[in-house]
Amino acid sequence: MMRSLLSYSSLPTLFWGYALRTTAYILNRVPSKSIPKTPLELWCGRKPRLRHVRIWGCPAHVLKGKTGKLEPKSEICMFVGYLDGTKRGFFYSPEDQKVFVSTNATFLEHDYMIDFNPRSKIVLEELLSDEIGPQPTRVVGPLREKTTVPDQIPKAPRRSGRVSILPDRYNGEAQIVTADDGKEDPSTFKDAMDDSDKEEWQVTMKLEMESMYSNSVWQLVDLLEGVKPIGCKWIFKRKREADGKV
């Protein structure tokens with residue numbers, strides 16, 4: 006099951022520990038062929054509750070702590086596991102480079118299932134509008150940061166037959182933090198997919214697309230007859246200090 010979780014999600018293999026923890030959590034709550042009852046029921050004498058079970062690796066809006074009046078109150082994170090004995094879950098924040106615990110999350114698993122295509126292309130997902138209430142979070146540990154921003158959104162037709170156009174005001178570049186090994190930054194999408202940090206680039210691109218979609222940074226318009234949609238280009242850049250070190 007651990008391999009399936011990692012393969013089905015877009016998370017890199019460095020999350021294997023959380024995948025293993027989630028595997029044990031799920032197996033303790035499902036029956037087997039030899040024993041009709043679940044391990045948790047045999048140990049505790051009660052049937053497990055499964056309403057809180059979510060898709061491992063799916064995106065979620067998680068409430069931030071204290072924020073300014075004009076700052077977003079939530080951020081896109083990835084769900085990576087459960088905290089035993091509580092209703093809280095583990096979430097990975099690319100912005101803060103950390104995995105933390107929180108109960109205040111609006112999961113996007115419905116659209117994640119509809120549009121999912123594992124490890125092959127960037128997928129846009131429609132966001133839910135449920136509100137999330139305030140709750141303190143507990144930091145678990147740091148992970149590597151990855152943030153990407155494309156120049157433009159690909160003009161691929163969606164179910165409505167319309168294409169998306171990114172306003173000129175949105176611009177930026179992709180960055181990740183890695184060891185200082187003298188690597189050159191990928192210049193194209195193909196180079197990034199052939200790079201040793203391929204999995205990190207994939208996670209970063211997916212999260213950035215979700216972030217742009219949730220902040221409505223483009224608008225959908227009908228494609229005029231005879232008009233060819235403009236392509237797009239990702240800019241990949243490893244974050245370096247003033248002395249050139251990564």
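In the numbering used here, the protein residues as written are 6 to 251. For glycine and all other residues, C-beta sits at the position ideal for the given N, C-alpha and C.
Around the beta carbon of residue 57, a 10 Å sphere encloses fewer than 16 other beta carbons of the protein chains shown; the residue is thus reported as exposed. The alpha carbon of residue 65 has as its nearest neighbour, out of 112, 191, 188 and 11, the alpha carbon of 112. Counting every other CB atom within 10 Å of its CB across the protein chains shown gives residue 47 a total below 16, marking it as exposed. Just measuring C-alpha positions, the residue of 62, 18 and 28 sitting nearest residue 82 is 62. Nearest in C-alpha terms to residue 191, of all of 13, 224, 239 and 87, is 239. The C-beta distance from residue 86 to residue 94 rounds to 7 angstroms, short enough to meet the 8 angstroms contact threshold. In this structure, DSSP gives residue 64 an extended state, which the three-state scheme calls strand.
Nearest in C-alpha terms to residue 27, of all of 78, 89 and 67, is 89. Ranked by how close their Cα comes to the Cα of residue 103, the residues 80, 91 and 114 have 80 in first place.
When rounded, the separation of the alpha-carbon atoms in residue 37 and residue 43 is 7 angstroms. With a beta-carbon spacing of about 20 angstroms, residue 45 and residue 24 fall beyond the 8 angstroms limit used to define contacts.
Linking residue 31 to residue 52 through their CA atoms gives a straight-line distance of about 13 angstroms. Here residue 208 is near residue 15, since their CB atoms are less than 8 angstroms apart.
For the options 59, 39, 34 and 60, the alpha carbon positioned closest to that of residue 49 is the one of 34.
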